[in-house]
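Numbering-wise, the working numbering comes out as the position in the sequence shown, counting from 1, plus 776.
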Amino acid sequence: MSERIKTARRLVVKVGSSLLVDKTNGALDKKWVAGLAADIARCRGRGQDVILVSSGAIALGRTVLHLNDRPLKLEEKQAAAAAGQVSLAHAYEEALRPHKLPVAQVLLTVDDTEERRRYLNARGTLNALLDFGALPLINENDTVATSEIRYGDNDRLAARVAIMASADCLILLSDVDGLYDSDPSSSPDAAFIPVVERITPEIEAMAGAAKTPTGSGGMVTKIEAAKMALTGGCHVAITNGKGVQPLNALENGARCTWFVPRKNPQDARKQWIGASLRPAGRLTVDSGATAALAQGRSLLPVGVIAVDGDFERGDAVIIWGQDGRELGRGLCAYSTADARLILGHKSSEIEDILGYRGRDEMIHRDDLALS
C-alpha cells in the first residue's frame, strides 16, 4: 500500500496542530516544516499534484497574541486564527522557497465545499493553482465561523477537499500511527488495524478522543474523514507524522492504517453527477457534439442547439441528442440565460458575447457523466 503514495496523481496532505506547534512553548517547529517541504518537493518533482490542509493557526495565534492556555471564547479563537494564519502561511512559504515552490493560501468554510456554485469556484481555483505550479495551502476560515471552532474540523475539511479535487490519496498526519481496536495507551493488548476495506459500526466504535492540548479532533474525526473520502474514491492513510520527513517515512513502510475505496475518484464523481443530482434543465446537442462526447471530450457551446429549463452556473443538466435520446448529465458552467446567448458559438467568442471570460466548455468532461 505504501506504493499508493508514489503512484497517486493527486495527494491531499492534512497536518495536525500537534505536529506543528511545540506544546511546551507554543512555538512553530521549523525543522519539521522544512522536512515536510522536502517531502512535498519530492512528490512534485515526480509529477504529482499536492494540496496541503494545515491546522495550527489558532495554536500559533495564541503565542502571537500572548494568550494563555485557558479556554478561549469564540471571538478569541477567531482573533487567534486571524493572527496565527499569517505566521502559518509565512512558515510554509519560507520552507518551500528553497524548492522554488510558491504557496497560495486558500481559506474555506463548510459552505464553500457544499454549496454547488461556491464548490465549483473553489474547485476551479485549486485546479488553476496546481496548473500554475503552486502549492494550495488550505485551512478552515475560522475568522468567519458561526459555530464553535474545533481543530478536528480540518480532518473533515481535508476529506471534502480531497473529493473536490478528485484526489487519489488523502494522508492524515497526526500524533498516532493508525487505528487500534482499543486505546493503546490504556490497553497493552490493543491490536493494530493495518487495512480497513469497509468502515463498519465496529470500526467506528474503535475511535477515541483527542489527548493533546493543541488538537481536539482525535480518531473520531479521522474515521469520519476517511468515510467521507472513500465515497469520492480516495485512498486514506492515517499515520504518525512526528518524524522529520513523514511522507518519505510512509513511502518506506512506516506504520499506518490504510482505508481502501471501492472505486476511483473519477468514477465516483461521475456516479455522483449521474445519479445523485437532480437536473434543473436540458441541453440539446447536434450530431458533432454527440460524437465528441462519445470520444470522451467536453461539451462546447458550438455543439449546443437548444437550452431548456431554469438553472444557474454549476447546476446539473441533462444532455439530449437530436434524436431525443438522453446522452448523459453534467454540471453546466453557465446559467440558462448565458447558455442561450452563447449556444452555437465558438468558445473564442464567449467573452465578446457575455462581456466576461468564462470557461471554454459548456460542460467540462470532468463534470460529465454519460448514460
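The beta carbon of each residue, even a glycine, is placed where N, CA and C say it ideally should be.
> Residues bridged to G1104 by DSSP?
Replying inline: As a working note, residue 1104 is residue 328 in the sequence shown. Bridge partners of G1104: I1095, L1146.
> By the 10 Å Cβ neighbour count, where 16 or more other Cβ atoms means buried, how is L796 classified, buried or exposed?
Replying inline: On the sequence shown, position 20 is the one that residue 796 refers to. So L796 counts as buried.
>> Rounding to the nearest angstrom, what Cα-Cα distance links L1076 and A938 in this structure?
In response: Residue numbering aside, residue 1076 sits at position 300 when the sequence shown is read from its first letter. Residue numbering aside, residue 938 sits at position 162 when the sequence shown is read from its first letter. Approximately 27 Å between the Cα atoms of the pair.
> In three-state DSSP terms, what is L864?
Replying inline: Translated into positions along the sequence shown, residue 864 becomes position 88. L864 falls in the helix class under three-state DSSP.
> Cα separation between L877 and L902?
Replying inline: In the sequence shown, the residue the question calls residue 877 occupies position 101. In the sequence shown, the residue the question calls residue 902 occupies position 126. Cα-Cα distance, rounded: 15 Å.
>> Rounding to the nearest angstrom, what Cα-Cα distance links C1032 and P970 in this structure?
In response: Start at 1 with the first residue of the sequence shown, and residue 1032 comes out as number 256. Start at 1 with the first residue of the sequence shown, and residue 970 comes out as number 194. Taking the straight line from one Cα to the other gives about 6 Å.
>> Relative to the C-alpha of F1035, which candidate in T889, G1085, Q824, K998 has its C-alpha closest?
In response: In the sequence shown, residue 1035 corresponds to position 259, counting from 1. The residue with the shortest Cα to Cα distance from F1035 is K998.
>> Just verifying my parser: in three-state terms, what is the DSSP assignment at I914?
In response: The residue labelled residue 914 in the question sits at position 138 within the sequence shown. I914: strand per DSSP, three-state reduction.
>> Is there a C-beta anywhere in chain D that falls below 8 Å from the one on A855?
In response: As a matter of chain content, chain D is missing from the structure shown, which is built from one protein chain.
> Whole-angstrom Cβ separation of V996 and A983, contact assumed at under 8 Å?
Replying inline: Here residue 996 refers to the residue found at position 220 of the sequence shown. Here residue 983 refers to the residue found at position 207 of the sequence shown. Indeed they touch by this definition, with Cβ atoms about 4 Å apart.
> How should K807 be labelled, buried or exposed, when 16 other C-beta atoms within 10 angstroms of its C-beta is the threshold for buried?
Replying inline: For the purposes of this step, residue 807 is taken as residue 31 along the sequence shown, with counting starting at 1. With fewer than 16 other Cβ atoms within 10 Å, it is exposed.
>> Tell me the residue span of the beta strand (DSSP E) that contains G994.
In response: Locating residue 994 in the sequence shown gives position 218, counting from the first residue. It is not in any beta strand (DSSP E) - G994 instead sits in the alpha helix (DSSP H) that spans 994–1007.
> Is the CB-CB distance between L1144 and G1100 below 8 Å?
Replying inline: Residue numbering aside, residue 1144 sits at position 368 when the sequence shown is read from its first letter. Residue numbering aside, residue 1100 sits at position 324 when the sequence shown is read from its first letter. No, the Cβ-Cβ distance between L1144 and G1100 is not below 8 Å.
> Can you tell me whether K1122 is buried or exposed, with buried defined as 16 or more other CB within 10 angstroms of its CB?
Replying inline: As a first step, residue 1122 is located in the sequence shown; it is residue number 346 there, counting from the start. Exposed, by the Cβ-count rule.
>> Can you tell me whether A904 is buried or exposed? The criterion is at least 16 other CB atoms within 10 Å of its CB, across all chains shown.
In response: Taking the first residue of the sequence shown as position 1, residue 904 is located at position 128. The residue in question, A904, is exposed, as its Cβ has fewer than 16 Cβ neighbours within 10 Å.
> Near S830, which residues of its chain fall below 8 Å by C-beta distance, leaving aside the five closest residues on each side in sequence?
Replying inline: Position 54 of the sequence shown, counted from the first residue, corresponds to residue 830. Closer than 8 Å at the Cβ level, and outside the excluded window around S830, lie K790, V791, L796, L864, Y868, L913, I914, N915, N930.
> If you run the structure through DSSP and keep just helix, strand and coil, what is L948?
Replying inline: In the sequence shown, counting from the first residue as 1, residue 948 sits at position 172. Of the three classes helix, strand and coil, the one that applies to L948 here is strand, per DSSP.
> What residues match up with N1016 in a beta bridge as DSSP calls it?
Replying inline: The count along the sequence shown starts at 1 and reaches residue 1016 at position 240. Answer is S950.
> Excluding sequence positions up to five away, which residues of its chain have a Cβ less than 8 Å from the Cβ of L843?
Replying inline: The residue you call residue 843 lines up with position 67 of the sequence shown. Here the set comprises G837, E852, A856.
>> Once DSSP output is grouped into helix, strand and coil, what is the label at R786?
In response: The sequence position of residue 786 within the sequence shown is 10, counting from 1. R786: strand per DSSP, three-state reduction.
> Within this structure, are the beta carbons of G1085 and P1041 separated by less than 8 Å?
Replying inline: Here residue 1085 corresponds to residue number 309 of the sequence shown, with the count starting at 1. Here residue 1041 corresponds to residue number 265 of the sequence shown, with the count starting at 1. Contact: no.
> Between P989 and the rest of its own chain, which residues show a CB-CB distance below 8 Å, the 5 nearest in sequence each way excluded?
Replying inline: Here residue 989 refers to the residue found at position 213 of the sequence shown. Because P989 carries a pLDDT of 43, less than 50, the predicted location of this residue cannot be relied on, and no value is offered for it.
> Could you give the distance in angstroms between the alpha-carbon of F1087 and the alpha-carbon of A813?
Replying inline: Translated into positions along the sequence shown, residue 1087 becomes position 311. Translated into positions along the sequence shown, residue 813 becomes position 37. Cα-Cα distance, rounded: 43 Å.
> Quick one: what's got a C-beta closer than 8 Å to I1129's C-beta in the same chain, skipping five residues either side?
Replying inline: The residue you call residue 1129 lines up with position 353 of the sequence shown. If we look at I1129 and ignore the five residues flanking it on each side, its Cβ neighbours are L1117, I1118, H1121.
> Is it right to say G928 is buried, meaning 16 or more other beta carbons lie within 10 angstroms of its own, or is it exposed?
Replying inline: As a first step, residue 928 is located in the sequence shown; it is residue number 152 there, counting from the start. With a pLDDT of only 43 at G928, under the threshold of 50, the placement of this residue in the model should not be trusted, and no figure is reported.
>> Once the 5 residues before and after D805 are set aside, which same chain residues still bring their CB inside 8 Å of it?
In response: Residue mapping note: residue 805 aligns to position 29 of the sequence shown, counting from 1. Within the same chain, D805 has close Cβ partners L795, L796, V797, D798.
> Under three-state DSSP, which class holds Y1110?
Replying inline: For this step, residue 1110 is matched to residue 334 along the sequence shown. It is coil, neither helix nor strand.
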